[in-house]
Structure formats: C-alpha cells, structure tokens
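Chemist:
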Amino acid sequence: MPTLYVLSAGVLLSLIFAWVMRDARMRITDVLGKRADLRISDRVFGHALRVRNSARPKSTGTFISQIRELEPVRDMLTSTTIAAAADLPFFLLFCLIFWLIAGWLVVVPVVAFLLLIIPSLLAQRRLRDLAQTGMRESALRNAMLVEAVQGIEDIKVLQAEQRFQNQWNHYNAVNADSGLKLRDLLNRLNNWMQTVQGAAFAVVIFFGVPHVMAGQMSTGVLVAASILVSRMLAPLSSITTVLNRWQQAKIAAQSLDQLMKLPVDNPQESTRVHRPAVYGYYALNDATFSYDGETPALKISSLKIEPGERIAVLGRNGAGKSTLLQALSGLMQPVGGSVLIDNVEMSHIDPSDIRRDIGWLSQNARLFHGTLRENLKLGAPLADDERVLSALRTVGALNYVQRLPLGLDHALQEGGLGLSGGQRQGLLLARLLVREPRVLLLDEPTTAMDEATERHVVAGLRQLSREHTLVIATHRLSALDAVERVIVVDGGAIVMDGPKNAVLARLRENEPAAPERPASAAKTRLVVRPRTRVDEGKTS
Numbered sequence: 001m002p003t004l005y006v007l008s009a010g011v012l013l014s015l016i017f018a019w020v021m022r023d024a025r026m027r028i029t030d031v032l033g034k035r036a037d038l039r040i041s042d043r044v045f046g047h048a049l050r051v052r053n054s055a056r057p058k059s060t061g062t063f064i065s066q067i068r069e070l071e072p073v074r075d076m077l078t079s080t081t082i083a084a085a086a087d088l089p090f091f092l093l094f095c096l097i098f099w100l101i102a103g104w105l106v107v108v109p110v111v112a113f114l115l116l117i118i119p120s121l122l123a124q125r126r127l128r129d130l131a132q133t134g135m136r137e138s139a140l141r142n143a144m145l146v147e148a149v150q151g152i153e154d155i156k157v158l159q160a161e162q163r164f165q166n167q168w169n170h171y172n173a174v175n176a177d178s179g180l181k182l183r184d185l186l187n188r189l190n191n192w193m194q195t196v197q198g199a200a201f202a203v204v205i206f207f208g209v210p211h212v213m214a215g216q217m218s219t220g221v222l223v224a225a226s227i228l229v230s231r232m233l234a235p236l237s238s239i240t241t242v243l244n245r246w247q248q249a250k251i252a253a254q255s256l257d258q259l260m261k262l263p264v265d266n267p268q269e270s271t272r273v274h275r276p277a278v279y280g281y282y283a284l285n286d287a288t289f290s291y292d293g294e295t296p297a298l299k300i301s302s303l304k305i306e307p308g309e310r311i312a313v314l315g316r317n318g319a320g321k322s323t324l325l326q327a328l329s330g331l332m333q334p335v336g337g338s339v340l341i342d343n344v345e346m347s348h349i350d351p352s353d354i355r356r357d358i359g360w361l362s363q364n365a366r367l368f369h370g371t372l373r374e375n376l377k378l379g380a381p382l383a384d385d386e387r388v389l390s391a392l393r394t395v396g397a398l399n400y401v402q403r404l405p406l407g408l409d410h411a412l413q414e415g416g417l418g419l420s421g422g423q424r425q426g427l428l429l430a431r432l433l434v435r436e437p438r439v440l441l442l443d444e445p446t447t448a449m450d451e452a453t454e455r456h457v458v459a460g461l462r463q464l465s466r467e468h469t470l471v472i473a474t475h476r477l478s479a480l481d482a483v484e485r486v487i488v489v490d491g492g493a494i495v496m497d498g499p500k501n502a503v504l505a506r507l508r509e510n511e512p513a514a515p516e517r518p519a520s521a522a523k524t525r526l527v528v529r530p531r532t533r534v535d536e537g538k539t540s
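Following the UniProt record's numbering, the numbering of the sequence shown begins with 1 at its first residue and continues without gaps.
(1) For Leu367, does the count of other Cβ atoms within 10 angstroms reach 16, so buried, or fall short, so exposed?
(2) On the premise that Thr219 lies in contact with Leu186, defined as a C-beta separation below 8 Å, what is that separation, rounded to the nearest angstrom?
(3) I need the DSSP call for Ser8, collapsed to helix, strand or coil.
(4) Assuming Phe113 contacts Val106 under a Cβ cut-off of 8 Å, what Cβ separation, rounded to an integer in Å, is found between them?
(5) Assuming contact is defined by CB atoms lying nearer than 8 Å, are residue 613 and Thr446 in contact in what I supplied?
(6) Identify every run of the alpha helix (DSSP H) within the region 209 to 240, keeping only runs that are complete inside it and at least 4 residues long; order them along the chain.
(7) Secondary structure at Lys304, three-state DSSP: helix, strand or coil?
(8) If you scan the region 101 to 126 from start to end, which runs of the alpha helix (DSSP H) of 4 or more residues do you find wholly inside it?
(9) From which residue to which residue does the alpha helix (DSSP H) around Ala505 run?
(10) Do three or more CB pairs link the region 343 to 363 to the region 273 to 281 at distances below 8 Å?
(11) Using the Cβ count rule (16 or more neighbours within 10 Å means buried), how would you classify Glu309?
(12) Closest to Arg126 by CA distance: which of Val495, Leu243, Leu480 is it?
(13) Can you name the start and end residues of the beta strand (DSSP E) that Ser322 belongs to?
(14) Could you tell me the distance, in whole angstroms, from the CA atom of Arg517 to the CA atom of Arg373?
(15) Should Pro381 be labelled buried (16 or more other beta-carbon atoms within 10 Å of its own) or exposed?
(16) Give the C-beta separation of Ala473 and Ser322 to the nearest angstrom, bearing in mind that I take them to be a contact with Cβ-Cβ under 8 Å.
(17) Please name the residue or residues paired with Gly407 in a DSSP beta bridge.
(18) With distance defined between alpha-carbon atoms, name the residue in Leu38, Trp360, Asp37, Lys304 nearest to Arg485.
(19) I'd like the ranges of any beta strand (DSSP E) spanning at least 3 consecutive residues and lying wholly in the region 350 to 402.
(20) Count the other C-beta atoms from every protein chain shown that fall within 10 angstroms of the C-beta of Ile227, then say buried if there are 16 or more, exposed otherwise.
(21) Looking only at its chain, what residues have a beta carbon closer than 8 Å to the beta carbon of Phe201, apart from the 5 residues adjacent to it on each side?
(22) Where do the N-terminal and C-terminal ends of the beta strand (DSSP E) with Asp286 fall, by residue?
(23) Using only CA atoms, which one of Ser238, Glu69, Asp37 lies nearest to Ala131?
(24) Note down, in chain order, each residue of its chain lying with its Cβ closer than 6 Å to the Cβ of Gly318, except the 5 sequence neighbours on either side.
(25) With a threshold of 7 Å on Cβ separation, who are the neighbours of Gly396 within its own chain once the five nearest residues in sequence on each side are excluded?
(26) Looking at Pro296: is its Cβ nearer than 8 Å to the Cβ of Gly492?
(27) In the DSSP output, which residue or residues are listed as bridge partners for Pro176?
(28) Since Val503 and Val488 should fall inside the 8 Å C-beta cutoff, what is the C-beta to C-beta distance between them, to a whole number of angstroms?
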C-alpha cells in the first residue's frame, strides 16, 4: 500500500506539472502572438496610409482585401498552430525513448510518421492553388461589396438590386465551391491521419504480443509502447491544419509584400528638405501629369503663381481643373517636367511641411464618424474652439451649428450622412480654414450651396489676408468676386491666363450671340485656342 500511495502521488504530481506547463506554454504563445500581431498590423496599416495616390490600387475593395490579408497571418500566430509546430521536434526524442523501451518496434512510429507527412506534403500544391483561388474570389467579392454599399442609393433609384444580387450570388457561389474543394481535401487528409494513428496502435500490439508470449518483452513494456506510440503521433494529427494555414499565410504574406512594396509619400531612406514655412511661390515648367502613367491628363508649359495671389481656374468638365489643383497640392507627381515651390522641387520637400501649409479641398472630401468638433479639428488638434467658430462663421455655417442641441459635440454619421450637400461643403471648407494653411486650393467649394451662403463664403474668402494664396476651380461666376486672376483650362492645357477682367472680356468675345443663359453656363463655352496670355488692355 505505501508503494501504491507513492506511485499515486507521483502520477498526481506529474499531471499537475503537465497541466501547469501546458497552460504556461499557451499563455506565452498567446502573448507573443498578440505582440507580433499588433506590430505587423501597425506596420501594414501605417504603410497603407502613406502609399502614394498614384500607386494606390484603383479598387477600394481590392485595397481593403490586401490589408485584410493580415487575418491568415494572424491565424498562423495562434497558440494552437505554434504549439502543434513546437511539438514536432519532440517526436525525435520520443523515438529514442521508444527504442530504449521496445527496441525494433520503433520502426512502427517512424513508418507512421512518414505515412502522415508524405500525403500532406504532396497535397501542398493543391492546397496552395485552392487558397489562391479563394483569396482572389474574396477580393473580388469585397470590391463589389464596397462598391454596392457606397452606391446603395443609386442602386435603389435605378432599380438595379437584382443585378448586384446576381453578382453577389455569383461571387459567393465561386467562393463556396473553392471552399468546398479545400474542405474536402482537408477532410480526406484528416481521415487519413486518424486511420494511420489507429493502425499504428494496432500494429504495435500485433507485433508486440508474440514477443511477450515468447518472453522477449514484458507486458508492461508492451503497454508502455502502445501508449507511447499514440502520444507520439497525437501532435502530428494537426499537421494538416498547420500546413493549410501555412499555405494561406504564405499567400497572404505575398499579397502583403506587394502592398508593402508600394511607394510611400516619404520613404525612410529618402532625405527630404525641411521648410519652416511654405509660402506658395509656384513655378511649373513643361510639367505633364497623368493618372495611369501613360495618358497625359494635363500639360503645362509654363505657370507661375506668386504668394498672396487670388486665382480662379475655369474650364469645361474634364478639362483638367481638378488635376491642376491636385498637382499644386503635391499629391500628384509629374511624369515629366518640374514643379517648383519656393524655388525648390516640390518632390524634394518633406510632405508634412507641404501639407502643413498647403490645404486642398477636393470634390471628394469626406466627413468622418465622430463629433463636429473632432471633424473640424482633424487637421489641427491643438486649435481652440474660438478658431473653430471663426472658421464656421467665415463659411456661414455657424448658425446651423448653434441650432444643434449639442453644438460642436453633435455626432456626425459616416460621410456626413443626413446633412445637405451645402452643409457638408460648408463644414469641409471650415475644417480646411481651421488649419490656417498659407495656400488654399479649393475645387468647386460652393457648387451645392445656395446663393446667400455662397455670397457669404465668397465674402469671407475675399477678406483673407495677403499671407494666403487662393486658387479656386469653379463653374460659378459669383466665386470670381474673390479672385483677381483667371486661368482657363481646356483639353488638358492652359489656354488663357491673365487678369480677371481681361480674361472674362476675351471669353465674351469668343461667345456667339445667344439668348441669355445662367451665369454658370455662360463662362464654360470656350473656343479652344493655343495658350494665350491676357493682360489688362492688351492681348499677347
């Protein structure tokens, strides 16, 4: 009995020790996996935010899918996967122990190991192909989903629900088919694993019993060998899952690698010029801009802008007005020629310095989920409320904000949902003014505003100090009250440039006699001519 108690105590201690060690291993791998996951996520998302506009994938859904490829990598870092991989080297130690206990019967677990590993390795190519297909279809489905959600109102108005439903069902069917093939292959491999494990136990018993009967092996050794062979092969039962996750992680890593190779605005290895202030002296010479790197969207032979100038950019739809403003903001790099600002090549200046002093309000600017105060101070977190209220007053949005029960603490929905187009434009313009940039580039800033609000905004822009340079792309003649110089763009080139009155007079000369039309239409019918410099009182 004392011996039984000692053995029982030893078994109990060994069980407690095994439980503590397993729990510690799981906790350590979980903590290490969490740290690695956070570091990888931080690097990938940070890089995605800094990718140059020209290099960013054109499809938002595809871009999101690339970022979401973190999930297979995260799965690879889970405790289950790491623990299974960590158990594999112990197989060799168990083989040595098995050989010391049962001699030549060690051949059984070795053969079983080969029978487990070889089919899994042979299936890797098929697993890789199925994983690639699944991820590709998931990317297409995500792209379609983002597009549908962003355009849900248009889909309803056009009664196009069925078309998008059919697309969704098609992508789901293809993805489900790929997933079914993958699960079928994994199930076959798992069934094979279980069969080999059971067969190994039976084979040890089958070949061990004759040795026991012949007195060459004790019953205890046979029992120990049969238990040990099961323990040896148990960690290998998850090798199929590990290898499948490995293939998915490899493919995801390839996609993430492509994302991480995209050029960013300010690479760490580059040396940029730091400017304490960017005043806005522009000089563009033989500059060509393109969205696809091949087809020119805008060509500028020569353009100079002095600090403090007030300029309007006029032109038809698609003439190149927005491209010009985007180029002046530094977010679009020329494919040829040079863009100088303050006598320094713009691409050589640190982007943070450019964005600090150059504010660009695009037609696609967005409000984000959060309070009004958070949105308005997004580019200037240290701005006080007085500065925010002053910007709202300039754009005529102060009365609207004051009528809100929570004022600046009013919660905005994603994209400013629920606001009118004019209210949204006013808040976006106020957000830009809160930053107090030296150069303001405004792309159609008043198109959705009523006449009274537009007049208020134009009056506010006219009162800006001469420390601010103002460039407005517009179709509205009322916005011209805030400028002194007009640039006319047509066909991706500047066709007129000069003082406001002289350019407008020249445009009227080019207009054929016609019944009076709205002012917004009167100035857009341009006769395409070679670049003309218009001065007061003469044309050159």
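The beta carbon of each residue, even a glycine, is placed where N, CA and C say it ideally should be.
Modeler: To lay it out plainly:
(1) Taking the first residue of the sequence shown as 1, we reach residue 367 at position 367. Label assigned to Leu367: buried.
(2) The residue you call residue 186 lines up with position 186 of the sequence shown. The residue you call residue 219 lines up with position 219 of the sequence shown. With 8 Å as the limit, Leu186 and Thr219 do not qualify as a contact, their Cβ atoms being about 39 Å apart.
(3) Here residue 8 refers to the residue found at position 8 of the sequence shown. Three-state DSSP puts Ser8 in a helix.
(4) On the sequence shown, position 113 is the one that residue 113 refers to. On the sequence shown, position 106 is the one that residue 106 refers to. Actually they do not touch by this definition, with Cβ atoms about 11 Å apart.
(5) With the chain covering 1 to 540 only, the question about residue 613 has no answer from this structure.
(6) Positions of the alpha helix (DSSP H) runs, each at least 4 residues long and wholly inside the region 209 to 240, are given as 219 to 233 in order along the chain.
(7) In the sequence shown, the residue the question calls residue 304 occupies position 304. Strand at Lys304.
(8) Whole alpha helix (DSSP H) segments, 4+ residues: 107 to 122.
(9) As a working note, residue 505 is residue 505 in the sequence shown. Here the alpha helix (DSSP H) through Ala505 covers 500 to 510.
(10) Touching, yes.
(11) On the sequence shown, position 309 is the one that residue 309 refers to. Glu309 is buried by the Cβ-count criterion.
(12) Residue mapping note: residue 126 aligns to position 126 of the sequence shown, counting from 1. For the set Val495, Leu243, Leu480, the Cα lying nearest the Cα of Arg126 is the one of Leu243.
(13) Locating residue 322 in the sequence shown gives position 322, where the first residue counts as 1. Here Ser322 belongs to no beta strand (DSSP E); instead the alpha helix (DSSP H) covers 321 to 329.
(14) Counting from 1 along the sequence shown, the entry for residue 517 is found at position 517. Counting from 1 along the sequence shown, the entry for residue 373 is found at position 373. Since pLDDT at Arg517 reaches only 45, below the 50 mark, its modelled position is unreliable, and the value read off the structure follows with that caveat. Taken atom to atom, the span from the alpha-carbon of Arg517 to that of Arg373 is near 41 Å.
(15) The residue you call residue 381 lines up with position 381 of the sequence shown. So Pro381 counts as exposed.
(16) Residue mapping note: residue 473 aligns to position 473 of the sequence shown, counting from 1. Residue mapping note: residue 322 aligns to position 322 of the sequence shown, counting from 1. Right, the Cβ-Cβ distance comes to about 6 Å (below 8 Å), so this counts as a contact.
(17) By 1-based counting over the sequence shown, the position of residue 407 is 407. None; Gly407 has no bridge partner.
(18) The residue given as residue 485 occupies position 485 in the sequence shown. Considering only alpha carbons, the answer is Lys304.
(19) 358 to 361
(20) Taking the first residue of the sequence shown as position 1, residue 227 is located at position 227. So Ile227 ends up on the exposed side.
(21) As a position in the sequence shown, residue 201 is number 201, starting the count at 1. For Phe201, where only same-chain residues beyond five positions count, the Cβ hits under 8 Å are Ser226, Val229, Ser230.
(22) If you number the sequence shown from 1, residue 286 lands on position 286. Taken as a continuous stretch (DSSP letters only), the beta strand (DSSP E) holding Asp286 covers 282 to 290.
(23) Counting from one through the sequence shown, the residue named residue 131 turns up at place 131. When only C-alpha atoms are compared, the closest one is Glu69.
(24) As a working mapping, residue 318 is identified with position 318 in the sequence shown. Result list for Gly318: empty, nothing under 6 Å.
(25) Here residue 396 refers to the residue found at position 396 of the sequence shown. Counting only Cβ-Cβ distances below 7 Å, and skipping sequence neighbours, we find Gly426, Thr453, His456, Val457.
(26) Residue mapping note: residue 296 aligns to position 296 of the sequence shown, counting from 1. Residue mapping note: residue 492 aligns to position 492 of the sequence shown, counting from 1. A contact, by the Cβ cut-off of 8 Å.
(27) Taking the first residue of the sequence shown as position 1, residue 176 is located at position 176. Looking at the sequence provided, one finds Ala at residue 176 rather than Pro. According to DSSP, which records beta bridges pairwise, Ala176 is partnered with nothing at all.
(28) Along the sequence shown, one-based indexing puts residue 503 at 503. Along the sequence shown, one-based indexing puts residue 488 at 488. At roughly 6 Å, the Cβ-Cβ gap stays under 8 Å, so Val503 and Val488 are in contact.
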